[in-house]
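In mature numbering (1 follows the signal peptide of the UniProt record, and there is no 0), the protein residues as written are -46 to -1, 1 to 1022.
Just so it is clear, CB atoms sit at the ideal spot from N, CA and C, and this is done for glycine as well.
Taking it in order: structure first as structure tokens, then the write-up.
Set out below in structure tokens:
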């Protein structure tokens, strides 16, 4: 979190309350919580993601896994994690140019270099000028490696080898969504129409180029800027692109930036599975991120970095385009308000999964973008912010020589292939990069310094060693004396590496130090030796007898450990030790690490772990009165442990999880209930757990959450701006401005068990609506009214709300009911084909325009709009209104909402578009699952045909009719009363086993019908012999003539041919 101003909060206190030990924390404005956990005080950087076991690891092996590379990286003081270190975007530099500047790039502190695309291209068409010529590198004609701008494949290999000698990694821009618009220029096997989407496939106008960004199908299937859009559902296309990426990695590339990544569908975004990303991403690169520009309705932004991260050893991410726009705005108006710039605005994407910037090549070079108007000075001011932050991997875009600011966008003083201007190695930029590298893994704190035109980005460890801390000060206007300001830095003296000044700290106060107007000052104690670090990682609490923790040591001599259980010894980086065997339950075990750095200074670290009773169930419950001004109320829960944004332990991304309405809850003091998940309690250990109530809106807007950003810190009432402390059961009175958070007077009831009915496996048929009603029985009876949390393991197959399950697509999902730390699950199999959608029901929050004054203005396809203001919507349920549009037949609907009096919700003038049986619009997002389902009970079940008989081994298919036809639970289960006589499968097919009788019962929605089957033995049918005829040589009229001494061959024919006994005996 970041504070609104330096004076608003006094931080760094150590608090204890309610029996839970509070660590010192950096609390600030929680405005950033509107975008996941961005803005929380940040701590240790996350460990690398687990890597796919079957994926190549060539990039990792030759870099972080190579001692020679590691020695070079540490000697140059570069960051270990690519998802953290600064990136130099060597835009339009050739491989030879990059190679020639490698010493300077290393000295400027860049962890990675990003190149232009390396694939075969059509152009450039106009020599090597920039104007109307640069974009040809983003229009591949094939998947060969090397082009006129980057150089030959051998030159690329030489460049990457030189980078690795310096401990630097290389990220290649990769265009994997489209090829050139010139069909005749497409090369080799790629010139195959089946490898591209047709111009009509996406349903876009203007020959497939008029993309409606509200429609994900169009975004992923139409032709961006007329470029030929690859058919990414085609496995052959995926295989060909993977081959290119694997070859690039073999040439020394360590990561990829995927151009137009959001224009490629996610694997299961649509009904047909797309193999593209799962095929191309296991390519051996250690870092992969995508150009996923923010703002499109329906865009699942967090899903992209999750995919990239899955297949990358060093992380993956998205472009932070929103934050870049904000930074450009703040440096233009010189308003660096800490609360304003705190959140990286990832739209649900974690901070360590973002690539941040002041400007990118798109914001600079495209004719409809305007970052080129910023001066080099403004860019440096912005870089002082993004380059010093704990979150994101900051990218510095290198402008062409003499271009931008008051000069033309392209002054043409350098050519494609040349290095740009020298701003990338300006002393302020260079030392911000080195500061960033030195502070890797540190927490951060943002505060303004004597006005919003000055911002301090503090990075600290709170370990008593000033050599581990530092601060960047971006001062846009007016000289400032910093003496007297609060700080998170440890006591000591800090040197300004750019301008040579000093800053001193004592007792968490700056005692001396000043900054100049219009400068970026970087105060930290730079070292020529690699930074030393110690840490202990593992689960903060455990319920087993023992657990393993990992001891980490980088650049540390004489590393040793001791535990409070009496164990000790030396260790090496990554060594695991076992703790817990000598401790009783409910006790703490402390692991301490010591060592020295290269200069002989002591380095220490410690961590405490709690051994818990495996049979104990700890329950924390948050109660609340829903404010009248809020339509819904969410609980955002997180562990306040100074974790890095990517490591925050939370119940869900902001706004958290919807609370459960319960009239008269907690003896009438509340009407909303939320139980803190047990896994959060376990993971928290002794760190505080906090709750922030909100209405689902942006947290930085006043009135959208409690507590607010200006809440007074008070340990006694568990309230401050970081959130409400919860260590038991508490009640919020619903007052947004001055509410109370008090210990609940109602007694907590322990849950013994939860049972779902019906149990076992449930079959749903899409053709019959694929819905069923589940109920959960909670024991004991005193806990029966506790709210049940329903979840689905696969919401693409089936979703659940209040026990009503809705099947969406073929597949299997596990439905779980949880309450009070207990749970039960059933398996749902969804089969069949969904019927054609004839009508579409649209749902919209009644709170926006009123339950009786909300209008829907729409048209089907390209048809005629309704007459404004449209049709009046009617009350639905759970605070929604609805309207059913008949005759849509699965077609797309374009629509907007209004109050009938001139107030409109038109999705930011882009209108909403959707299709399907149900459409729900909330907070600008379009969904497909109805907010509520009307349960229609089953009135009767009938089995056609009545009682019947079968022979052993025979089968008969039964069918059951469920009435009424619109019953919610139409799922039929079949049962035989005697499976030794007859069995029946899930489809109603009866198989006779042995003689006897059995009752076959069909059940749906609590109603049943039965028929009797009688099985008889399969006795053989005897066919009698009707005649026997003898034939042979000399046989006539029943007589045979034979000479003396001669033989005779006779044959007997038995009739009929299917006689049961056809054995023939001969006699004379």
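Span of the alpha helix (DSSP H) around residue i
| i | result |
| --- | --- |
| residue 21 | 21 to 29 |
| residue 231 | 230 to 234 |
| residue 637 | 632 to 638 |
| residue 700 | Premise fails: residue 700 is in no alpha helix (DSSP H) and is neither H nor E. |
| residue 101 | Element bounds for residue 101: n/a, residue is neither H nor E. |
Bounding residues of the beta strand (DSSP E) (the contiguous stretch that carries residue i)
| i | result |
| --- | --- |
| residue 697 | 695 to 697 |
| residue 576 | 575 to 578 |
| residue 618 | 614 to 618 |
| residue 725 | 725 to 727 |
Opposing strand residues paired with residue i [DSSP bridges]
| i | result |
| --- | --- |
| residue 201 | Beta-bridge pairing links residue 201 to no other residue. |
| residue 475 | 427 |
| residue 502 | 532 |
| residue 16 | In the DSSP output, where bridge partners are listed per residue, residue 16 has none listed. |
| residue 648 | 588 and 659 |
| residue 542 | 564 |
| residue 458 | 447 and 466 |
| residue 410 | 401 and 427 |
| residue 997 | Paired residues: none, contrary to the question. |
| residue 858 | 852 |
| residue 137 | Answer is none; residue 137 lacks a bridge partner. |
CB of residue i within 7 Å of CB of residue j, strictly
| i | j | result |
| --- | --- | --- |
| residue 536 | residue 519 | yes |
| residue 726 | residue 923 | yes |
| residue 690 | residue 657 | yes |
| residue 565 | residue 539 | yes |
| residue 30 | residue 60 | yes |
| residue 212 | residue 221 | no |
| residue 1070 | residue 286 | There is no way to answer for residue 1070, as the model of the chain reaches only from -46 to 1022. |
| residue 192 | residue 130 | no |
| residue 575 | residue 683 | yes |
| residue 855 | residue 895 | no |
| residue 260 | residue 302 | no |
| residue 1025 | residue 127 | Summary: the structure shown does not reach residue 1025, with the chain confined to residues -46 through 1022, and so no result is reported for it. |
| residue 488 | residue 557 | yes |
| residue 347 | residue 41 | yes |
Rounded separation between residue i and residue j - CA only
| i | j | result |
| --- | --- | --- |
| residue 36 | residue 250 | 27 Å |
| residue 81 | residue 824 | 56 Å |
| residue 860 | residue 840 | 22 Å |
| residue 692 | residue 646 | 14 Å |
| residue 398 | residue 389 | 13 Å |
| residue 954 | residue 716 | 18 Å |
| residue 934 | residue 927 | 19 Å |
| residue 159 | residue 848 | 15 Å |
| residue 567 | residue 733 | 22 Å |
| residue 207 | residue 253 | 29 Å |
| residue -4 | residue 601 | Because residue -4 sits at a pLDDT of 29, beneath the cut-off of 50, its placement in the model cannot be relied upon, and the following sentence gives the value as read from the coordinates. Taking the straight line from one Cα to the other gives about 9 Å. |
| residue 455 | residue 412 | 17 Å |
| residue 984 | residue 991 | 10 Å |
| residue 959 | residue 925 | 8 Å |
| residue 885 | residue 758 | 11 Å |
| residue 508 | residue 23 | 15 Å |
| residue 288 | residue 468 | 19 Å |
| residue 105 | residue 300 | 35 Å |
| residue 351 | residue 385 | 17 Å |
| residue 86 | residue 76 | 14 Å |
| residue 194 | residue 393 | 41 Å |
| residue -9 | residue 785 | Only weak support exists for where residue -9 lies, its pLDDT of 29 falling under 50; the coordinates are left without a value. |
| residue 968 | residue 882 | 48 Å |
Residue-chain proximity (residue i, chain E), Cβ-Cβ < 7 Å
| i | result |
| --- | --- |
| residue 162 | Here there is only one protein chain, and chain E is not present. |
- Query: Can you give, in chain order, each stretch of the beta strand (DSSP E) that sits fully within the stretch 259 to 336 and has at least 3 residues?
  - Reply: Those beta strand (DSSP E) runs which fall completely within the stretch 259 to 336 and span 3+ residues are 270 to 273 and 308 to 311.
- Query: Fully enclosed by the stretch 152 to 221, which alpha helix (DSSP H) runs are 4 residues long or longer?
  - Reply: Fully enclosed alpha helix (DSSP H) runs of 4 or longer: 159 to 162, 170 to 175 and 189 to 204.
- Hey, which unbroken runs of the alpha helix (DSSP H) at 4 residues or more fall wholly within the stretch 351 to 400? Runs found: 381 to 392.
- At which residue ranges does the stretch 788 to 827 contain complete alpha helix (DSSP H) runs of 4 or more residues, listed in the order of the chain? Within the stretch 788 to 827, the runs of alpha helix (DSSP H) at least 4 residues long that lie entirely inside it are, in chain order, 800 to 803.
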